[in-house]
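Chain order of the listed sequences is A and B. Under our numbering, the first residue of the first sequence is numbered 3, with each subsequent residue one higher. Under our numbering, the first residue of the second sequence is numbered 7, with each subsequent residue one higher. By construction, the Cβ of each residue, glycine as well, lies at the ideal position given by its N, Cα and C atoms. None of the values given here were measured: they were computed from a predicted structure. What follows is a single structure, written as structure tokens, with notes after it.
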Amino acid sequence: MDLLTTTAQKSSFAVKTAITVNGSLHELEIEPWTSLLDLLRERLQLTGSKKGCDHGQCGACTVLVDGVRVNSCLCLAVMHDGADVTTIEGLGSETNLSPMQQSFVDHDAYQCGYCTPGQICSAVGMLHEGHAKTEDDIREQLSGNVCRCGAYPNIVAAVKHLMASGQEGTR
Amino acid sequence: MNNFEYVHADGLESAATFMAGHAEAKFIGGGTNLVDLMKYNVEKPTALVDLNRLSLREVEEMPDGGVRIGALVTNSDVAYHSLISARYPLLSRAILAGASAQLRNKATTGGNLLQRTRCVYFYDTAVPCNKREPGTGCPAKEGVNRSLAILGTSVACIATHPSDMCVALAALGATVQVTGSKGDRSIPFAEFHRLPGDQPEIDTTLQHGEVVTSVDLPAIGFAGHSAYVKVRDRQSYAFALISVAAGLELTDGLITQAGVALGGVAHKPWRNAQLEQELLIGKPANRDTWHIFQQALLAGAHGFGENDFKLKLAPVTVVRALEQAAHEGAQA
Numbered sequence: 003m004d005l006l007t008t009t010a011q012k013s014s015f016a017v018k019t020a021i022t023v024n025g026s027l028h029e030l031e032i033e034p035w036t037s038l039l040d041l042l043r044e045r046l047q048l049t050g051s052k053k054g055c056d057h058g059q060c061g062a063c064t065v066l067v068d069g070v071r072v073n074s075c076l077c078l079a080v081m082h083d084g085a086d087v088t089t090i091e092g093l094g095s096e097t098n099l100s101p102m103q104q105s106f107v108d109h110d111a112y113q114c115g116y117c118t119p120g121q122i123c124s125a126v127g128m129l130h131e132g133h134a135k136t137e138d139d140i141r142e143q144l145s146g147n148v149c150r151c152g153a154y155p156n157i158v159a160a161v162k163h164l165m166a167s168g169q170e171g172t173r
Numbered sequence: 007m008n009n010f011e012y013v014h015a016d017g018l019e020s021a022a023t024f025m026a027g028h029a030e031a032k033f034i035g036g037g038t039n040l041v042d043l044m045k046y047n048v049e050k051p052t053a054l055v056d057l058n059r060l061s062l063r064e065v066e067e068m069p070d071g072g073v074r075i076g077a078l079v080t081n082s083d084v085a086y087h088s089l090i091s092a093r094y095p096l097l098s099r100a101i102l103a104g105a106s107a108q109l110r111n112k113a114t115t116g117g118n119l120l121q122r123t124r125c126v127y128f129y130d131t132a133v134p135c136n137k138r139e140p141g142t143g144c145p146a147k148e149g150v151n152r153s154l155a156i157l158g159t160s161v162a163c164i165a166t167h168p169s170d171m172c173v174a175l176a177a178l179g180a181t182v183q184v185t186g187s188k189g190d191r192s193i194p195f196a197e198f199h200r201l202p203g204d205q206p207e208i209d210t211t212l213q214h215g216e217v218v219t220s221v222d223l224p225a226i227g228f229a230g231h232s233a234y235v236k237v238r239d240r241q242s243y244a245f246a247l248i249s250v251a252a253g254l255e256l257t258d259g260l261i262t263q264a265g266v267a268l269g270g271v272a273h274k275p276w277r278n279a280q281l282e283q284e285l286l287i288g289k290p291a292n293r294d295t296w297h298i299f300q301q302a303l304l305a306g307a308h309g310f311g312e313n314d315f316k317l318k319l320a321p322v323t324v325v326r327a328l329e330q331a332a333h334e335g336a337q338a
């Protein structure tokens, strides 16, 4: 059952929104108060992006919008008409990991894994931005992604490895 | 979050017209603060007017030698823009000291000016707050006030303005350009935010329906001597307990131009241009000068218990920022 769709059907507030997610175009009627995160998780069944705090404090919901990392919990979905969104599901698959995903595996960069999709999307966005040069830069520029398990040393190692290899983290 | 109508502004005039007919409508830019406040039911707009289709995304040089930053330029794009990092490093550093990369990528210049206090009582709809519900009271004065103001407070409110960017803009002496149904206005930065007085629910001098179109920087950017010192509970991704933006121009060791503003201490970035004229301009750039200046700048500061430590932290942070600005160039 698609909860958001059923509760939304009678609303006069819904806005037609065309949004590309992981390469697939979705033409939707969306309630203005639906966050991009809720759209992804509840309506498009893409549950890789996590709702940790829902207030932009933890970074578990981080996705790439037109290649730029943002907190999807603070984005209203209707404000993304025409946008190209990439979630963790769009970066790679279980059988075909992206370089950043593979680096996280190789460096044991997670424990419970809850923050990991956000960490990886954020790291990919950070490499694309190109402002991080040092390990301290990585720590500073990934500070918007909180890890309750404290896997930070290995997360930094995974990202540093990929940064040194000159790859951007996507395939 | 309450239900609300969502519309796009396709021009500044139509946006003003829509706002004139919707007293409870709000503009939205990046939404990183507004959407959060709506989730807490602190902000309850009946309609949101999305400004993102307006062409306010340029950073451009002005004929007077200054730089104009469009209201929709993101905080990240401002901080890393070559014109800003080269000529206004103080602004770049202040922006990058705030929030997280994800938030800076979304938050806009105009929205940063209009973000609201992070006072815990403002956010908690179960308790009184004069800023959120005028006339209900201010529990912060005898309560959780560690992060709150020591200057310019009123009986009604001791909230602080949370921005880092605005502290640098205050020190730089920026101008906020706005437009609305009554035409265009230029607001000096010092007059954009206001002290709480008996109307703490009003943060700025912006009128309902007016849109910030740009923030204009003056020609002098203190590129040679500036510092942003931010003291906070953790090294990254935390609001300032005290922050100081300091910019100086020096000739033969004497101060010829100065801008000093504090964050984390008041309802607005705290600057006193008259004291700068009296106690900094023409004076030698040394610790004696900084001490005399900070004593005057912080005169009248008082704490509310938990935030008493700021009375000791603010003076040393002012001195440290000025010392860094004078001797370490653009290092923060």
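- Collapsing the DSSP output to three states places His28/A in a strand.
- Setting aside the 5 residues that flank it on each side, Leu102/B is surrounded in the same chain by Ala85, each with a C-beta closer than 6 Å to its C-beta; the list follows chain order.
- Under the DSSP definition of a beta bridge, Ala267/B partners with Ala251/B.
- At a cut-off of 7 Å between beta carbons, Phe15/A contacts chain B.
- The segment 256-328 of chain B contains, as complete alpha helix (DSSP H) runs of 4+ residues, the segments 279-285, 293-303 (chain order).
- For Leu76/A, a Cβ of chain B is located within less than 7 Å of the residue's own Cβ.
- Going by C-alpha positions, Gly168/A is about 20 Å away from Asp110/A.
- For the set Arg110/B, Arg63/B, Gly116/B, Met44/B, the Cα lying nearest the Cα of Phe195/B is the one of Gly116/B.
- Around Glu142/A, the beta-carbon contacts reaching into chain B at under 7 Å are Ser242.
- Counting the other CB atoms within 10 Å of its CB gives His333/B a total below 16, which places it among the exposed residues.
- Within the segment 29-43 of chain A, the residues whose Cβ lies closer than 7 Å to any Cβ of chain B are, in chain order, Pro34, Trp35.
- Comparing alpha carbon positions, the residue from Asp83/B, Leu119/B, Asp130/B closest to Ala107/B is Asp83/B.
- Taking Ser192/B as the centre and dropping the five residues before and after it, the same chain places the C-beta of Thr181, Gln183 closer than 7 Å to its C-beta, in chain order.
- In this structure, the alpha-carbon of Gly36/B lies about 13 Å from that of Val67/A.
- Listed as beta-bridge partners of Ser192/B by DSSP are Gln183/B.
- Proximity of Tyr12/B to chain A, defined by a Cβ-Cβ separation below 7 Å, is satisfied.
- At a cut-off of 7 Å between beta carbons, Gln108/B contacts chain A.
- Note on Asp170/B: 16 or more other CB atoms within 10 angstroms of its CB, so buried under the neighbour-count rule.
- Contact of Val161/A with chain B is not assigned, every C-beta pair being separated by 7 Å or more.
- In summary, the residues of the segment 225-256 of chain B whose CB is separated from some CB of chain A by less than 7 Å are Ser242, Tyr243, in the order they occur in the chain.
- Between Val126/A and Thr89/A, the CB-CB gap reaches or exceeds 7 Å.
- With a contact defined as Cβ atoms closer than 8 Å, Pro119/A and Lys52/A qualify at about 6 Å.
- Cβ-Cβ distances below 8 Å link Ser91/B to Ala85, Ser98 in the same chain, with the five nearest sequence neighbours on each side left out; the list follows chain order.
- Non-local C-beta neighbours of Phe128/B in its own chain, meaning closer than 6 Å and more than five positions away in sequence, comprise Cys135, Lys137, Arg138, ordered along the chain.
- Nearest to Val161/A by C-alpha distance, out of Glu96/A, Ser105/A, Lys135/A, Cys114/A, is Ser105/A.
- Taking a 10 Å sphere around the C-beta of Phe10/B, we find 16 or more other C-beta atoms and assign the residue as buried.
- The alpha-carbon of Tyr116/A is positioned some 42 Å away from that of Met25/B.
- Val161/B and Gly203/B have their C-alpha atoms some 8 Å from each other.
- Among the CB atoms of chain A, none fall inside 7 Å of the CB of Lys32/B.
- In this structure Lys188/B is exposed. Its beta-carbon is surrounded by fewer than 16 other beta-carbon atoms within 10 angstroms.
- At the C-beta level, Asp86/A and Ala20/A stay beyond 7 Å of one another.
- Closer than 7 Å to the CB of Asp56/B there is at least one CB belonging to chain A.
- Residue pairing of Asn98/A in beta bridges, as defined by DSSP: Ser95/A.
- The segment 312-323 of chain B makes no contact with the segment 285-295 of chain B: fewer than 3 CB pairs, one atom from each, lie closer than 8 Å.
- The beta carbon of Asn81/B does not come within 7 Å of any beta carbon belonging to chain A, so the residue lies off that interface.
- DSSP places Val65/B in the strand class (E or B) of the three-state scheme.
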